[in-house]
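Engineer:
Number of protein chains: 2
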Amino acid sequence: MIQDIAQQETFFHSRLFKGLSKEDMQEVAGFTKSKRLKAGSYLFRQHSKATHAYTLISGALMLERTSQSGRRQVIDFSHPGNFIGITNNDEFEFSVYCLRDAHLQCYVRNNFLELADRNPVLKNNIRRTGSNVLTHTLDQLFALGQKKAHERVCYLLHELSLRQSGTDRETIDLFMNRQDIADYLGLTIETVSRAFSKLKKDGIIAVDSPHRVRIVEHEQLDTLASAR
Amino acid sequence: MIQDIAQQETFFHSRLFKGLSKEDMQEVAGFTKSKRLKAGSYLFRQHSKATHAYTLISGALMLERTSQSGRRQVIDFSHPGNFIGITNNDEFEFSVYCLRDAHLQCYVRNNFLELADRNPVLKNNIRRTGSNVLTHTLDQLFALGQKKAHERVCYLLHELSLRQSGTDRETIDLFMNRQDIADYLGLTIETVSRAFSKLKKDGIIAVDSPHRVRIVEHEQLDTLASAR
DNA sequence: CGCGTTGTTGACGAGTATCAACTATTGTGG
DNA sequence: CCACAATAGTTGATACTCGTCAACAACGCG
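Line order of the protein sequences matches chains A and B. Residue numbers for the first sequence follow this note's numbering, beginning at 1 and rising by one. Residue numbers for the second sequence follow this note's numbering, beginning at 1001 and rising by one.
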């Protein structure tokens, strides 16, 4: 119950709707549906028609892209509050996989865009969200092109630390597995594992369990994350 | 003179203005200026105000991004016909450097966006162009994350082959230097050089001069370009 | 023609992938 | 709730790729 209120807050305070009036929000509510998604299923697939857009209320998602030869590149991980499905194309350019049982707000794309046409605030918010996708991808590009394995892992931990909800920036909940991390950072699972071991040995992080990591030396982690 | 006609053609047949009426084009012309840029100078810098947008008529540009630590990631190379400066943000997320004396069409951003608001065709074209930037970046991400040095070089050659104007898909004009290629592919100049040598030895390309390469085995090149 | 810049090649070492064995964790049925 | 199996993660040995440093070659320009 307390969690449900927190979830609603996440919805209304999402960057996407920041600055919208009560009336606007009611119109949004008119073409919005709630959706539950089980971990292990897909929200939508690469190349499917982009009929809807989504806000993640709770749970965790993963954006991935598969090449012709079947190899996967993980593009991003989604936290509550994130907006998914803003695409300039009519088709999605990636698949969205559910890592943890999720609750989403689901908007009809055409209604959404139409409202955005009339509402400069929303329009601007959407534009900025889209821009952030590109900025993020460019940062990732830099990480893959320039950084070493353990620096890439720091980059991920730094990102997760900033984005996860709640006030605790130290304890990081790794809701993805090692293969997902590897495919995100352009590494193998073994190298990712070794990177964690190295960071642990150097006293920068503490690994409580494979999916629960604490940042011990935040500054050193940040330095490594933005190295090169 | 003949070249000038060709350049005009490039402007009017640009994907950006595809499907626009004569009247629309006249309005576009109203807030459009011609601009010449010397090789070695910047069209605009990262973080500068995005007041204008551009179409490249002739010459060659390079999109790059610099990290806090001063390291450079080349994002893309621009050919005649390409649209530059579509950004969701108010600031540019990258710098644009002129590799070869360029002729550009230069639009006032606000007028441009305002017309786009009224004109669904143009709006759609802009949206698609923006989408292509993301798609391209995602492809590059995949290349950096998954491919080997010589495969990345093939990926670049394949791209250049597809995009360069003219009918000759075999002879490739490398208007950037080895450092630019290295920073685009996340490699060092030595590795890039060795990759060219290997492809030459394997009979896939012929290197007429450092900036002039012929594709001998197109199929093999494509296979390597899309490997993994 | 000499000089600076750009590109190539070689030797070597650091870093990452691969293969394999092992350990920890999670899930399932009794 | 436990035992066991299946899955996920870690560690070690080794090979290969790529980066680094250094020398050399080719090109462009005054």
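Glycine included, C-beta positions come from ideal geometry on N, C-alpha and C.
Kindly indicate the opening and closing residues of the beta strand (DSSP E) around Thr-55(A).
Structural biologist: 52 to 66
Engineer: Mind listing, in chain order, the continuous alpha helix (DSSP H) runs of no fewer than 4 residues lying wholly within the region 1069 to 1124 of chain B?
Structural biologist: Correct list: 1109 to 1118.
Engineer: Strictly below 8 angstroms CB to CB, what residues from chain B border Val-133(A)?
Structural biologist: Leu-1134
Engineer: Is it buried or exposed, Ala-1195(B), if we count other Cβ atoms within 10 angstroms and call 16 or more buried?
Structural biologist: The residue is buried, with at least 16 neighbouring Cβ atoms inside 10 Å.
Engineer: Leaving aside the five residues before and after Val-213(A) along the sequence, list all residues of the same chain whose C-beta is less than 8 angstroms from its C-beta, in chain order.
Structural biologist: Around Val-213(A): Leu-157, Thr-171, Ile-172, Leu-174, Phe-196, Ile-205, Ala-206, Val-207.
Engineer: Sort out for me which residues DSSP pairs Asp-173(A) with in a bridge.
Structural biologist: Arg-212(A)
Engineer: Where Glu-1114(B) and Lys-1148(B) are concerned, what is the direct C-alpha to C-alpha distance, given to the nearest angstrom?
Structural biologist: Going by the C-alpha atoms only, they are around 45 angstroms apart.
Engineer: When we look at the beta-carbon of Arg-1163(B) and count the other beta-carbons within 10 Å, is it buried (16 or more) or exposed?
Structural biologist: Exposed is the call here.
Engineer: How would you write the range of the alpha helix (DSSP H) that Phe-1196(B) sits in, first residue to last?
Structural biologist: 1189 to 1201
Engineer: Applying a beta-carbon distance threshold of less than 8 angstroms, which residues of chain A neighbour Arg-1065(B)?
Structural biologist: Leu-138, Phe-142
Engineer: Exposed or buried, Gly-1130(B), counting other C-beta atoms within 10 Å across all chains shown (16 or more means buried)?
Structural biologist: So Gly-1130(B) counts as buried.
Engineer: Consider the Cβ of Ser-69(A): report whether some Cβ of chain B lies at a distance smaller than 7 angstroms.
Structural biologist: Yes, its Cβ sits closer than 7 angstroms to a Cβ of chain B.
Engineer: Out of curiosity, what's the CA-to-CA distance linking Ala-1143(B) and Glu-64(A)?
Structural biologist: Ala-1143(B) and Glu-64(A): Cα-Cα distance of roughly 15 angstroms.
Engineer: Which residues in chain B have a C-beta closer than 9 angstroms to the C-beta of Ile-75(A)? List them in chain order.
Structural biologist: Identification of chain B residues near Ile-75(A) by a Cβ-Cβ cut-off of 9 angstroms yields Leu-1138, Leu-1141, ordered along the chain.
Engineer: Distance, Cα to Cα, Asp-1139(B) vs Asn-132(A)?
Structural biologist: 18 angstroms
Engineer: Taking only beta-carbon atoms, is Arg-1127(B) less than 7 angstroms away from chain A?
Structural biologist: yes
Engineer: Please state if the CB of Ala-1060(B) and the CB of Arg-1100(B) are separated by a distance shorter than 7 angstroms.
Structural biologist: Taking 7 angstroms as the Cβ cut-off, Arg-1100(B) and Ala-1060(B) qualify as a contacting pair.
Engineer: In terms of residues, what are the limits of the alpha helix (DSSP H) holding Thr-1223(B)?
Structural biologist: 1218 to 1225
Engineer: Out of Val-1121(B), Leu-1185(B), Ile-1057(B), which one is the CA nearest neighbour of Met-1025(B)?
Structural biologist: Val-1121(B)
Engineer: Output needed for Ile-1002(B): all residues of its chain with C-beta closer than 7 angstroms, excluding positions within five of it in sequence on either side, in chain order.
Structural biologist: Residue confidence is low: Ile-1002(B) scores 40 on pLDDT, short of 50, so the model does not pin down where it sits. No coordinate-derived value is stated.
Engineer: Ser-161(A) by DSSP, collapsed to three states: which one?
Structural biologist: helix
Engineer: Specify, as a first and last residue, the run of the alpha helix (DSSP H) that Lys-147(A) falls within.
Structural biologist: That residue, Lys-147(A), is in no alpha helix (DSSP H); it is neither H nor E in DSSP.
Engineer: Helix, strand or coil: which one does DSSP assign to Arg-1036(B)?
Structural biologist: strand
Engineer: Would a C-beta distance cut-off of 7 angstroms place Gly-1203(B) and Val-1216(B) closer than the cut-off?
Structural biologist: yes
Engineer: Using the C-alpha atoms, what's the distance from His-1211(B) back to Asp-1180(B)?
Structural biologist: Distance between the alpha carbons of Asp-1180(B) and His-1211(B) is about 12 angstroms.
Engineer: What is the residue span of the beta strand (DSSP E) that Leu-43(A) lies within?
Structural biologist: 42 to 44
Engineer: Can you grab the Cα-Cα spacing for the pair Ser-58(A) / Ile-84(A), in whole Å?
Structural biologist: 13 angstroms
Engineer: What are the boundary residues of the alpha helix (DSSP H) that includes Gly-30(A)?
Structural biologist: First-last of the alpha helix (DSSP H) with Gly-30(A): 22 to 30.
Engineer: Please list, in chain order, the residues of the region 1174 to 1187 of chain B that have any C-beta partner in chain A closer than 9 angstroms.
Structural biologist: Asp-1183, Tyr-1184, Leu-1185, Gly-1186, Leu-1187
Engineer: With DSSP run on the structure shown, which of helix, strand or coil describes Ile-1205(B)?
Structural biologist: If DSSP states are grouped into helix, strand and coil, Ile-1205(B) belongs with the strands.
Engineer: Taking 7 angstroms as the CB-CB cut-off, is Arg-1146(B) touching chain A?
Structural biologist: The question names Arg, yet the displayed sequence has Gln at residue 1146(B). Chain A contact via Cβ: present.
Engineer: Excluding the 5 residues flanking Thr-1032(B) on each side, which residues of the same chain have their C-beta closer than 6 angstroms to its C-beta?
Structural biologist: Gln-1105, Tyr-1107
Engineer: Buried or exposed for Gly-186(A), going by 16 or more other Cβ atoms inside 10 Å?
Structural biologist: buried
Engineer: Examine chain A for any beta-carbon lying closer than 7 angstroms to the beta-carbon of Gly-1130(B), and answer yes or no.
Structural biologist: yes
Engineer: Nearest-angstrom Cα distance between Asp-222(A) and Ser-161(A)?
Structural biologist: 11 angstroms
Engineer: At the level of alpha carbons, what is the spacing between Ala-1050(B) and His-1103(B)?
Structural biologist: 19 angstroms
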